[in-house]
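Colleague: One structure follows; several queries about it will come next.
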Amino acid sequence: MHTATGLIYDEFFLAHNAGRQTYRGSAGVADAGEEFDTPLRLTYSKALLDATGMSARLRPIPYTPAADAALLRVHAPAYLQTLAARCAAAEEDGIELGEDARGNRATEQVARAAAGAACAAVDAALEGRVRNVYALIRPSGHHAGPDYSMGYCYYNNAAIAARHAQAVHGLARVAIVDWDVHHGNGTQDVFYSDPSVLFVSLHEEGNYPLEGGSEQECGSGAGLGRNVNVPLPAGSGYAAYAHAFEQVVIPALERFEPELIIVSAGQDANAYDPLGRMRLTRTGYRRLAATLAQVAGTLCQGRLVCLQEGGYSLPYLPIATLGVVEGITGLTMDFDDPHHVDDRPLAAHEQAAVERAAAAQAAWLHARGAPA
Numbered sequence: 001m002h003t004a005t006g007l008i009y010d011e012f013f014l015a016h017n018a019g020r021q022t023y024r025g026s027a028g029v030a031d032a033g034e035e036f037d038t039p040l041r042l043t044y045s046k047a048l049l050d051a052t053g054m055s056a057r058l059r060p061i062p063y064t065p066a067a068d069a070a071l072l073r074v075h076a077p078a079y080l081q082t083l084a085a086r087c088a089a090a091e092e093d094g095i096e097l098g099e100d101a102r103g104n105r106a107t108e109q110v111a112r113a114a115a116g117a118a119c120a121a122v123d124a125a126l127e128g129r130v131r132n133v134y135a136l137i138r139p140s141g142h143h144a145g146p147d148y149s150m151g152y153c154y155y156n157n158a159a160i161a162a163r164h165a166q167a168v169h170g171l172a173r174v175a176i177v178d179w180d181v182h183h184g185n186g187t188q189d190v191f192y193s194d195p196s197v198l199f200v201s202l203h204e205e206g207n208y209p210l211e212g213g214s215e216q217e218c219g220s221g222a223g224l225g226r227n228v229n230v231p232l233p234a235g236s237g238y239a240a241y242a243h244a245f246e247q248v249v250i251p252a253l254e255r256f257e258p259e260l261i262i263v264s265a266g267q268d269a270n271a272y273d274p275l276g277r278m279r280l281t282r283t284g285y286r287r288l289a290a291t292l293a294q295v296a297g298t299l300c301q302g303r304l305v306c307l308q309e310g311g312y313s314l315p316y317l318p319i320a321t322l323g324v325v326e327g328i329t330g331l332t333m334d335f336d337d338p339h340h341v342d343d344r345p346l347a348a349h350e351q352a353a354v355e356r357a358a359a360a361q362a363a364w365l366h367a368r369g370a371p372a
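Residue numbers for the sequence shown follow full-length UniProt numbering, so the first one is 1 and each next one is one higher.
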């Protein structure tokens, strides 16, 4: 087993463009700037990895765009055809492709590339070429369902990667941990009745999407107990996330015994994100990532794949992402975070939220692995 960490990045991921936001009033339309999902999110994140010397410590992982066979393990054939046709016909940036999901002529091809990169990350980890991988990809995937685009997401990268691990590498149990500030509704929809995939989502309660994500949503049928939601109150910082890891996430992983852990690594729970109201920092993300790397080392030979999801603060997303990469590599780079958010102790209402999630899962946390 190799001890290196892999990195996937390609400037092709920048070709997807969701266009510009506008204000529409009775007297006309006013420009409101670029959509939050701007290509600069990746450009700046990669630049900070380069500037700190982190990129030089990582092993580049090649990839190819996902073939239809990989996408069809998750998405409906008609959806693939419709998405490709609408993008091919696009004459400008910002065409409507779904709820809060806009794109351009390149969107389907770039989304296919991101899905292929997610599969390549799985290959590298499972084949022992690296210990773990960070895939700095775009567009995100966790809001995309079997037949819909949503929330800046078109193909569900984490779900496609999980199915790839099962179909190509023969894995029986794959876990997905989603710490994006928004609930991973698309991933939940894909696996809600599937006992072979454990889905854990830690997200801000009441944020996007406005429906779903309750701790009472525990899966259905054979998948009952394989869906774990931990909605946390606005303002939660590292103390709340660490408590959720200790009380809910790690016990669920230990009892499921995954052969691979995939992280939907959306760093929009950072303290400066415009689409979240949480308080995580570079240090918090480093600690959470290091914890998952340690758990992966115990449960699945260190096989951990992190896939970029959200994160929309251009000044802070790169710093938060650096923290994640530091956590999975065990390295701390010589970089002073110019932003300061003080950690504070676990608040009573944060503890209560975690306890509600733990109670909802109590009947199922003792199930080990996938039922026969």
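Beta carbons are placed, not taken as given, at the ideal position from N, Cα and C, and that holds for glycine.
What does a CB cutoff of less than 8 Å around R41 pick up in its chain, not counting 5 residues either side in sequence?
Modeller: Closer than 8 Å at the Cβ level, and outside the excluded window around R41, lie R138, G311, Y312, L314, L317.
Colleague: Closest to A359 by C-alpha separation, out of G323, A252, S236, I160, would be which residue?
Modeller: Of the candidates G323, A252, S236, I160, the one whose C-alpha sits nearest the C-alpha of A359 is A252.
Colleague: Is it buried or exposed for T281, if we count other Cβ within 10 angstroms and need 16 for buried?
Modeller: Flag for T281 reads buried.
Colleague: Touching or not, the stretch 157–177 and the stretch 70–84, by the rule of three or more beta carbon pairs under 8 Å?
Modeller: At 8 Å Cβ cutoff, the stretches touch.
Colleague: My guess is that I261 and A120 are in contact by the Cβ rule of under 8 Å, so how many angstroms apart are they, rounded?
Modeller: Actually they are not in contact, since the Cβ atoms of I261 and A120 sit about 17 Å apart, beyond 8 Å.
Colleague: If you draw a straight line from the alpha carbon of P125 to that of C300, how long is it in whole angstroms?
Modeller: Reading the sequence as shown, one finds Ala at residue 125 and not Pro. Rounded to the nearest angstrom, the two C-alpha atoms are 11 Å apart.
Colleague: Taking three-plus beta-carbon pairs below 8 Å as touching, is the stretch 206–220 in contact with the stretch 170–185?
Modeller: With a cut-off of 8 Å, the stretch 170–185 and the stretch 206–220 count as touching, because enough Cβ pairs lie within range.
Colleague: With contact counted as at least three CB pairs below 8 Å, one residue from each stretch, are the stretch 203–210 and the stretch 227–234 in contact?
Modeller: Cβ pair count under 8 Å is three or more, so yes.
Colleague: Less than 8 Å between the CB atoms is what I'm expecting for V248 and L292, so what's the real figure, rounded?
Modeller: The pair is not a contact, with the Cβ atoms about 13 Å apart (cut-off 8 Å).
Colleague: Where does V190 land, buried or exposed, given buried means 16+ other C-beta within 10 angstroms?
Modeller: It counts as buried.
Colleague: Measure the C-alpha to C-alpha separation of P65 and A115 and round it to an integer number of angstroms.
Modeller: Straight-line Cα distance between these residues: approximately 7 Å.
Colleague: Roughly how many angstroms lie between the CA atoms of R20 and L83, to the nearest whole one?
Modeller: Going from the Cα of R20 to the Cα of L83 covers about 20 Å.
Colleague: Taking DSSP as the reference, what is the three-state secondary structure of Y316?
Modeller: The answer is coil: DSSP assigns Y316 none of H, G, I, E or B.
Colleague: Please classify T31: does DSSP put it in a helix, a strand, or coil?
Modeller: The residue you asked about is not Thr; residue 31 is Asp in the sequence shown. D31 falls in the strand class under three-state DSSP.
Colleague: Can you check DSSP and say which residues form a bridge with E96?
Modeller: E96 is bridged to R102.
Colleague: Going by CA-CA distance only, name the one from H164, D178, S149, L136 that's closest to A47.
Modeller: Here the closest residue by C-alpha is L136.
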